[in-house]
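To start, the structure itself, in structure tokens.
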Amino acid sequence: MPSYGSFSSAEVMETAVKNEDLFAIIDLLNQGIKPTKHEFVNAVEQKSYSILELFLDDGYELNEPLRDDYPPPLAVAISDPSLTKWLLQRGADPNARCRFDITPLSIAAQEASLKVIEILMEFGASTSYGQPLHYAVRYDRPDNIIQYLIHAGALVNQLMFQTHLPSFYHFKHLGLGTPLHEAAHQKSKRIIRLLLRNGADPNIADTLGLLPLNGGLLL
Numbered sequence: 001m002p003s004y005g006s007f008s009s010a011e012v013m014e015t016a017v018k019n020e021d022l023f024a025i026i027d028l029l030n031q032g033i034k035p036t037k038h039e040f041v042n043a044v045e046q047k048s049y050s051i052l053e054l055f056l057d058d059g060y061e062l063n064e065p066l067r068d069d070y071p072p073p074l075a076v077a078i079s080d081p082s083l084t085k086w087l088l089q090r091g092a093d094p095n096a097r098c099r100f101d102i103t104p105l106s107i108a109a110q111e112a113s114l115k116v117i118e119i120l121m122e123f124g125a126s127t128s129y130g131q132p133l134h135y136a137v138r139y140d141r142p143d144n145i146i147q148y149l150i151h152a153g154a155l156v157n158q159l160m161f162q163t164h165l166p167s168f169y170h171f172k173h174l175g176l177g178t179p180l181h182e183a184a185h186q187k188s189k190r191i192i193r194l195l196l197r198n199g200a201d202p203n204i205a206d207t208l209g210l211l212p213l214n215g216g217l218l219l
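Mind the numbering: the sequence shown is residues 1 to 219 in the UniProt record's numbering, read in order.
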């Protein structure tokens with residue numbers, strides 16, 4: 001077991017997580033020392049199932065947002081289908097928001113595999129939360145992911161954050177539009193055509209009054 005010398009208890013916890021030192025972590029938890037969000041995320045990134053189990057058994061709040069603009073730790077796990085499923089089985093909420101309407105599904109729509117997105121949906125993720133279609137289009141995701149989200153209920157003609165007023169009013173000065181606005185901004189003919197085939201309306205203006213055509217829509 002590593003020696004932690006004169007480190008503070010917080011420093012010991014951080015180092016113990018990094019070293020995957022279960023004995024030190026158990027000792028700290030028994031002393032009433034709780035892991036921080038940073039330490040929990042480190043355990044997620046390290047895929048340290050044993051440490052995560054200890055933290056959860058000790059009462060760590062799995063659905064607490066990591067920041068005002070970033071959802072709970074499930075969003076950090078989305079590169080790994082097995083870890084994603086493991087956290088969901090232990091109570092992670094795929095629809096848990098931060099201050100804004102950003103959920104683990106939002107992050108998955110940006111960067112995860114279709115398999116992970118399907119796992120989230122199996123555990124109750126909803127396209128009604130987190131603007132997943134907007135994010136998938138913004139990040140130029142493959143057709144199969146965009147089409148999957150549409151089939152799962154994502155609305156092609158909804159303005160971003162339209163259903164979450166705190167987010168909508170906070171960001172509307174930036175020009176919140178439909179997924180078609182996102183595709184036009186990216187100048188992605190592929191996604192523009194896909195959205196149009198699925199009923200996207202090019203005559204809906206964003207919150208600045210601009211149509212997708214004004215943003216450079218290419219047909």
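Glycine is no exception: its CB is placed at the ideal position from the N, C-alpha and C atoms.
So, for residue i: in the same chain, excluding its five sequence neighbours on each side, which residues have a beta-carbon less than 7 Å away from its beta-carbon?
i	result
I204	N157, T178
Q131	D101, S106, M160, F161
E53	none
Quick one: what does DSSP say residue i is sitting in, helix, strand or coil?
i	result
Y70	strand
N63	coil
A77	coil
S167	helix
E103	With the sequence shown as reference, residue 103 is identified as Thr, and Glu is not the correct amino acid for it. Looking at T103 - three-state DSSP - the assignment turns out to be coil, as it is neither helix nor strand.
A125	coil
P132	helix
Excluding the five sequence neighbours on either side, which residues of its own chain have a C-beta within less than 6 Å of the C-beta of residue i, listed in chain order?
i	result
P104	P71, L74, A75, P94
I150	N198
L211	A205
E61	none
K37	L66
For residue i, is the classification buried or exposed, using 16 other Cβ atoms within 10 angstroms of its Cβ as the cut-off for buried?
i	result
T207	buried
I26	exposed
S82	exposed
E182	buried
P31	Inspection of the sequence shows that residue 31 is occupied by Gln rather than by Pro. Answer is exposed; the Cβ neighbour count stays below 16.
R190	exposed
R97	buried
Identify, in the order they occur along the chain, each residue of the same chain with its Cβ nearer than 8 Å to the Cβ of residue i, setting aside the five sequence neighbours on each side.
i	result
V17	I25, P35, E39, N42, A43, Q46, S48, I51
G209	none
E20	Q46, S48, S50, I51
So, are the CB atoms of residue i and residue j less than 8 Å apart?
i	j	result
A109	A136	yes
D143	Q186	no
Scan the segment 3-62 and note each continuous alpha helix (DSSP H) run of 4 residues or more that stays entirely inside, going in chain order. 9-19, 22-30, 37-45, 49-57
Could you name each continuous alpha helix (DSSP H) segment of 4 residues or more that falls completely within the segment 136-215, going from the start of the chain to the end? 143-151, 165-171, 179-186, 189-197
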